[in-house]
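*Asks:*
2 protein chains.
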Amino acid sequence: MTQRSGGANVAAVDVGGTQIKAALVDEDLTVTAERRCSTPVAGPDRAREVADAAARLVAELADATGRRVDAVGLVVPGIVDAERGVVVRSGSMGWREEPLRDLVAERTGLPTAFGHDVRTAGLAEYRLGAAAGSRSAMFLALGTGLAAALVLDGRLFEGGGFAGELGHVDVGVPEPCRCDMSGCFEAVSSAAAIARRYTARTGRPVDGAAEVAALLETDPDAAAVWADAVHGIAVALAWSVSLLAVDTVVIGGGLSLAGPKLLEPVEKELAGLLTFQRSPTLVAAALGDRAGCLGAALLALDALAG
Amino acid sequence: MTQRSGGANVAAVDVGGTQIKAALVDEDLTVTAERRCSTPVAGPDRAREVADAAARLVAELADATGRRVDAVGLVVPGIVDAERGVVVRSGSMGWREEPLRDLVAERTGLPTAFGHDVRTAGLAEYRLGAAAGSRSAMFLALGTGLAAALVLDGRLFEGGGFAGELGHVDVGVPEPCRCDMSGCFEAVSSAAAIARRYTARTGRPVDGAAEVAALLETDPDAAAVWADAVHGIAVALAWSVSLLAVDTVVIGGGLSLAGPKLLEPVEKELAGLLTFQRSPTLVAAALGDRAGCLGAALLALDALAG
Chain A
3 MTQRSGGANV
13 AAVDVGGTQI
23 KAALVDEDLT
33 VTAERRCSTP
43 VAGPDRAREV
53 ADAAARLVAE
63 LADATGRRVD
73 AVGLVVPGIV
83 DAERGVVVRS
93 GSMGWREEPL
103 RDLVAERTGL
113 PTAFGHDVRT
123 AGLAEYRLGA
133 AAGSRSAMFL
143 ALGTGLAAAL
153 VLDGRLFEGG
163 GFAGELGHVD
173 VGVPEPCRCD
183 MSGCFEAVSS
193 AAAIARRYTA
203 RTGRPVDGAA
213 EVAALLETDP
223 DAAAVWADAV
233 HGIAVALAWS
243 VSLLAVDTVV
253 IGGGLSLAGP
263 KLLEPVEKEL
273 AGLLTFQRSP
283 TLVAAALGDR
293 AGCLGAALLA
303 LDALAG
Chain B
3 MTQRSGGANV
13 AAVDVGGTQI
23 KAALVDEDLT
33 VTAERRCSTP
43 VAGPDRAREV
53 ADAAARLVAE
63 LADATGRRVD
73 AVGLVVPGIV
83 DAERGVVVRS
93 GSMGWREEPL
103 RDLVAERTGL
113 PTAFGHDVRT
123 AGLAEYRLGA
133 AAGSRSAMFL
143 ALGTGLAAAL
153 VLDGRLFEGG
163 GFAGELGHVD
173 VGVPEPCRCD
183 MSGCFEAVSS
193 AAAIARRYTA
203 RTGRPVDGAA
213 EVAALLETDP
223 DAAAVWADAV
233 HGIAVALAWS
243 VSLLAVDTVV
253 IGGGLSLAGP
263 KLLEPVEKEL
273 AGLLTFQRSP
283 TLVAAALGDR
293 AGCLGAALLA
303 LDALAG
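Sequence lines, in order, name chains A and B.
As numbered in the working numbering, the first sequence has no gaps in its residue numbers, which increase by one up to the final residue, 308.
As numbered in the working numbering, the second sequence has no gaps in its residue numbers, which increase by one up to the final residue, 308.
1. Residues in its own chain within less than 6 angstroms of A/A132 by CB, not counting five upstream and five downstream?
2. What does A/C39 reach in chain B if we use C-beta pairs closer than 7 angstroms?
3. Under a CB-based cut-off of 9 angstroms, is B/L284 close to chain A?
4. In the DSSP output, which residue or residues are listed as bridge partners for B/E100?
5. Please list, in chain order, all residues of the same chain as B/S40 whose beta carbon is under 8 angstroms from its beta carbon, the five residues on each side excluded.
6. Leaving out the 5 sequence neighbours to the left and right, which residues in its chain are closer than 8 angstroms to A/L276 when beta-carbon positions are compared?
7. Beta carbons nearer than 7 angstroms to chain B: which residues of the region 176-203 of chain A have them?
8. Nearest chain B C-beta to A/A238 closer than 9 angstroms, yes or no?
9. Quick one, which residues of the region 163-175 of chain A are near chain B if we go by CB-CB under 9 angstroms, in chain order?
10. Can a CB atom of chain A be found closer than 9 angstroms to the CB of B/S92?
11. Please tell me whether B/G228 has its Cβ less than 9 angstroms away from any Cβ of chain A.
12. If you reduce the DSSP assignment to three classes, tell me which class B/S258 lands in.
13. Using alpha carbons as the reference points, say which of A/G162, A/M140, A/R38 and A/Y200 lies closest to A/E62.
14. Suppose you measure from the CA of A/L105 to the CA of A/L130; what does that come to, to the nearest Å?
15. So what does DSSP say about B/D223, is it helix, strand or coil?
16. From A/T114 to A/G96, what distance separates their C-alpha atoms?
17. Consider the Cβ of B/F116: report whether some Cβ of chain A lies at a distance smaller than 9 angstroms.
18. Checking contacts by CB at 9 angstroms: is B/V82 closer than that to chain A?
19. Out of B/D83, B/A49 and B/G111, which one is the CA nearest neighbour of B/V71?
20. Taking a Cβ distance cut-off of 7 angstroms, strictly less, list which residues of the region 235-269 of chain A are near chain B, in chain order.
21. Using the beta-carbon of each residue, which ones in chain B are nearer than 8 angstroms to A/A150?
22. Please determine, among A/G163, A/S258, A/G210 and A/T201, the residue with the shortest C-alpha to C-alpha distance to A/V88.
23. So the candidates are B/P46, B/A53 and B/A273; which of them puts its Cα closest to the Cα of B/D16?
24. Is B/A197 closer than 9 angstroms to B/E213 when the C-beta atoms are compared?
25. Compute the Euclidean distance between the alpha carbons of A/V237 and A/R292, then round it to the nearest angstrom.
26. Starting from B/S94, follow its DSSP beta bridges and name the residues at the other end.
27. Which residues of chain B have a Cβ atom closer than 7 angstroms to the Cβ of A/L125, listed in chain order?
28. Check whether the Cβ atoms of B/V82 and B/V90 sit closer than 9 angstroms, and answer yes or no.
29. Can you tell me whether DSSP reads B/A195 as helix, strand or coil?
30. Using a Cβ-Cβ distance under 9 angstroms, would B/L301 count as near chain A?
31. Could you pull out every residue in the same chain whose Cβ sits closer than 6 angstroms to the Cβ of A/L154, ignoring the five residues on either side in sequence?
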């Protein structure tokens, strides 16, 4: 039994490396139900199995609420060509040229909007979160890896799926990277890099960047690793801001939970790198891990609105 | 006596530090007449005097051809807020918050489209020149100073007049800059910087970067200065391409006349800096010093087309 309760309801589906999260979201962006499942393991059929799982979650959301689902918003990691509905490649998922949008649309029988997880989260921060009211904004997600999303004059800029891929540009810190280059932004300033570099330097394993952040005032090794990460972020932002003059830079991802411990030194170092450029407002993400889901809902609602 | 000859005619006016160039351009982008005059000298009334001179040139174009001018396209240097029609500031013209668009519209009585000289030239290269057929492109003008123009998904991105201001970002070459920082892109890779750095290194004055380019194979000082400039360009492009994934990078301005002597080493060094990113096509500008005029005509024709 399904019923239409006034406005549209969309299913937001966020595919991650370990979990698929789904939420039913109404036109007011209220989440009315949530479901999640483990991501099917790697293998040649992983894209179809993920699509099967996503379709099951969408059906469960409809069953649980008795609401009709009008559209799906699907977001995935990797190099995502939103227009074609294809994951061009994804290291974490082991995908190349997988038509995820159509796989989900076929299984659900619903219009399916499609996007990149970080870019979609950036869109949510722009429309609903820390960059609301900005004309142009950059969202920099610092987690296991890192990536940026750009909303320019109100439009999400995709670059064919390649925009914001800043992970492997040299920020001037002598640190070898898995890509065989040195000084890559991701190898210095991602949350994973901070933990790894601290352990490499001290021999002491840590759970993550948060543990390093907690040691900043007492442990010179923690402070040095943190300062390198801050430097990398400031360099990346100096180039980005000089090129695009965005009003607002939103720092998101796990590392943003460090709050002022991260933002204050980044802001200070960035100010020293800018002269004639327009300085952006630098803020921490406001939506946390809801950004992906809300962004996916926005994609679906936008598509329904035509 | 003016007559309307079929389609629209627009007056393209390109205001530079030494000359104001004007051209009458028809809908097919054919230049049917050209006029130029010296730019009025610096002073408190310079903006109004420039507008007077521009209006005189527009009247002369109409008189010379007997055609009615339907609109003006006006391009100027500096930090240009195209939407407000204002030069926010221009060091070379000595302007702050000058409403150039309205000054010219009042004097000509014509609809006046307004833009930044480099960004407008970039638009012309995108629509008619070296980046024609691209979806997104970057135009990097290397002359006395340097600046970039961005056309993203077909739209010129202005950033409130600040987009593409790459001159004062550190490219990692220890060279002091007039802005009191060190290693600024403009201080290393502009045409003026190449000439200045060669003279500082050798004590030998040169006429410009072209003279340094001519010495590359025989003079190690010329080669060293050139290599630094190439390095700066490659670093700036690595960041820009990683962030925006443009299809095409067009190198323009006086330095682009060096052709393969510039483009080949830049392409080689850039390839070494990119890994997972999408590599752009790197080309020299095709329109030369006509780009500003054609771009101004495009702005005016676009405005007429609504």
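Using N, Cα and C, we set each Cβ at its ideal position, and we do this for glycine too.
Keep in mind it's a predicted model, so treat the numbers as computed, not measured.
*Replies:* In brief:
1. Around A/A132: V252, V285, A287 and A288.
2. For a Cβ distance threshold of 7 angstroms, nothing in chain B lies close to A/C39: the least Cβ distance comes to about 30 angstroms.
3. At least 9 angstroms separates the CB of B/L284 from every CB of chain A.
4. Per DSSP, B/V89.
5. Non-local beta-carbon contacts of B/S40 in its own chain, meaning distances under 8 angstroms to residues more than five positions away in sequence, involve T20, Q21 and I22 in chain order.
6. Around A/L276: A240, V243 and S244.
7. Answer set for the region 176-203 of chain A: C181 and M183.
8. By this cut-off, A/A238 is an interface position.
9. Close to chain B, meaning a Cβ-Cβ distance shorter than 9 angstroms, are the following residues of the region 163-175 of chain A: G163, F164, A165, G166, E167, L168, G169, H170, V171, D172 and G174.
10. B/S92 does not count as touching chain A.
11. Here residue 228 of chain B turns out to be Trp, not Gly, going by the sequence shown. Residue contact check for B/W228 against chain A: no CB pair falls below 9 angstroms.
12. Helix, per DSSP.
13. Of the listed residues, the one whose Cα sits closest to A/E62 is A/R38.
14. Our two residues, A/L105 and A/L130, have alpha carbons roughly 29 angstroms apart in a direct line.
15. Residue state, collapsed to three classes: helix.
16. If I take the Cα positions, the gap works out to 22 angstroms.
17. B/F116 does not count as touching chain A.
18. It does not: the Cβ of B/V82 has no partner Cβ on chain A nearer than 9 angstroms.
19. The residue with the shortest Cα to Cα distance from B/V71 is B/G111.
20. Listed in chain order, the positions of the region 235-269 of chain A with a beta carbon within less than 7 angstroms of a beta carbon of chain B are A240, W241, S242, S244, L245, L246 and A247.
21. Simply L245.
22. Nearest option by C-alpha distance: A/G163.
23. Out of B/P46, B/A53 and B/A273, B/A53 has the C-alpha closest to the C-alpha of B/D16.
24. Yes. Within cutoff.
25. Looking at the two C-alpha atoms, the distance is approximately 28 angstroms.
26. BP columns for B/S94 are empty, so no partner.
27. Chain-order list of chain B residues neighbouring A/L125: empty, with the shortest C-beta distance near 15 angstroms, by a criterion of under 7 angstroms.
28. In contact: B/V82 and B/V90 (Cβ atoms closer than 9 angstroms).
29. DSSP places B/A195 in helix when its eight states are reduced to three.
30. No, because no Cβ of chain A sits closer than 9 angstroms to the Cβ of B/L301.
31. Here the set comprises S138.
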